[in-house]
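These notes concern the structure reproduced below.
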Amino acid sequence: MTRTPQKERLFSSREIQKRVGELARTLSREYRGRELVLIGVLNGAFIFLADLVKRMTIPIQIDFVRLSSYGSGSESQGRIKVVKPTEFPLAGKSVLIVEDIVDTGLTLDFLCRSLKEQDPESIR
């Protein structure tokens, strides 16, 4: 008989929310006085991005991208396509990418290279 291993909780909801608040304060300080665009990578980053944005204290623009790096299965094919591009012009703006999981980094690398073509001030 195979037993399913017990999942151990690493952080409580309160601890996570506290850390999100700390991160929002840090980002608000670092980007004060700059035009900031937060770009969430759909679908995974949506909830975290919403929690982060609610706690930020500076004006920001929010945009989303959807990328695909998988073929018919769940293994990466190394080919990436933009399913939903950004909608805002990024020239001269500070861009902060919010992603949920990075497996190989290929998708994030592709996204950074494609966003650089729009001449933002910075990408993080």
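Just so we're aligned, residue 974 is where the sequence shown starts under the numbering used here, counting upward by one. Ideal Cβ placement from N, Cα and C applies to all residues, glycine included.
Checklist entry - If you pair each beta-carbon of the stretch 1034-1043 with each one of the stretch 1011-1020, do three or more pairs fall below 8 Å? => result With the cut-off at 8 Å, the stretch 1034-1043 and the stretch 1011-1020 touch.
Checklist entry - What does DSSP give as the partner residues of GLY994 in its beta bridges? => result GLY994 pairs with nothing; no bridge assigned.
Item to check | Beta-carbon proximity list for GLU1008, same chain, < 6 Å, skipping 5 on both sides | outcome: LYS1066
Next on the checklist: Suppose only complete runs of 3+ residues qualify. What are the beta strand (DSSP E) ranges in the stretch 1019-1073, listed by chain order?
Outcome noted: Contiguous beta strand (DSSP E) elements confined to the stretch 1019-1073 occur at 1033-1043, 1049-1057 and 1067-1071, taking only those with 3 or more residues.
Checklist entry - Taking contact to mean at least 3 C-beta pairs separated by less than 8 Å, is the stretch 1081-1096 in contact with the stretch 1054-1073? => result yes
Checklist entry - By DSSP, does SER985 sit in helix, in strand, or in coil? => result Three-state DSSP puts SER985 in coil, outside helix and strand.
Next on the checklist: Does the contact criterion of 3 or more C-beta pairs under 8 Å hold for the stretch 981-997 versus the stretch 1026-1037?
Outcome noted: yes
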